[in-house]
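*Asks:* Per my numbering, residue 366 is the first one in the sequence shown, and the count goes up by one each step. Ideal Cβ placement from N, Cα and C applies to all residues, glycine included. Have a look at this one.
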Amino acid sequence: MTRLATRETPPAEDDRGDAGSEDVRTIVAEGRRGLLHRDGRIVLLNPALLHELGFRRDDDLRGLAFTSFWSFEDRDAVAQAVDAAGDDARTLRLDLRYHSGRDETRDVVFRRVPVEAYTLVELRDGPTG
Numbered sequence: 366m367t368r369l370a371t372r373e374t375p376p377a378e379d380d381r382g383d384a385g386s387e388d389v390r391t392i393v394a395e396g397r398r399g400l401l402h403r404d405g406r407i408v409l410l411n412p413a414l415l416h417e418l419g420f421r422r423d424d425d426l427r428g429l430a431f432t433s434f435w436s437f438e439d440r441d442a443v444a445q446a447v448d449a450a451g452d453d454a455r456t457l458r459l460d461l462r463y464h465s466g467r468d469e470t471r472d473v474v475f476r477r478v479p480v481e482a483y484t485l486v487e488l489r490d491g492p493t494g
């Protein structure tokens with residue numbers, strides 16, 4: 366089992382935390398970005414990141430484990446990258462075939478941001494094919 370799957374997170378009435386704040390909106394306004402809780406649950410994903418992952422702009426993925434975009438055997442490495450992200454970024458490769466069927470990959474960069482102690486996630490172009 367993945368470390369994210371074994372962690373118990375109490376349910377929250379509003380899983381966004383401070384996701385509506387101006388600071389948070391500024392952080393994720395550009396690029397293909399999103400914010401994660403320290404345990405890897407999604408706080409928010411901007412429209413460009415949602416689109417890249419194959420979702421609609423209005424799809425609400427809050428509270429879901431970001432590790433679920435990787436195949437089961439890769440999820441422990443993703444959980445470790447989220448945990449280890451700090452001022453120094455951690456980068457992993459995401460194969461888009463697993464969840465979207467597209468024969469492409471993206472680099473996914475994780476690093477901490479000071480707002481609410483979230484982890485920033487950003488997709489960057491990776492090699493295709």
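Tell me Thr495's beta-bridge partners as DSSP assigns them.
*Replies:* Since the displayed the chain opens at 366 and closes at 494, residue 495 lies outside it and no answer follows.
*Asks:* Skipping 5 residues on each side, what residues in its chain have a beta carbon closer than 7 Å to that of Pro412?
*Replies:* As a working mapping, residue 412 is identified with position 47 in the sequence shown. Excluding positions up to five away in sequence, the list reads Arg422.
*Asks:* For Asp490, I'd like the list of residues in its chain whose CB is within less than 7 Å of its CB, leaving aside the five on either flank, ordered along the chain.
*Replies:* As a working note, residue 490 is residue 125 in the sequence shown. Once the five neighbours on either side are set aside, the close Cβ partners of Asp490 are Arg471.
*Asks:* Tell me where the alpha helix (DSSP H) around Asp448 begins and ends.
*Replies:* For this step, residue 448 is matched to residue 83 along the sequence shown. Arg440 to Ala449 is the span of the alpha helix (DSSP H), which, as asked, contains Asp448.
*Asks:* Residues in its own chain within less than 7 Å of Leu414 by CB, not counting five upstream and five downstream?
*Replies:* Counting from one through the sequence shown, the residue named residue 414 turns up at place 49. These residues qualify, in order along the chain: Arg397, Arg398, Gly399 and Leu488.
*Asks:* Is Thr456 close to the ligand COA? I mean its beta-carbon at under 8 Å from any heavy atom of the ligand.
*Replies:* In the structure shown, the ligand COA is absent, as is every other ligand, since no ligand is present at all.
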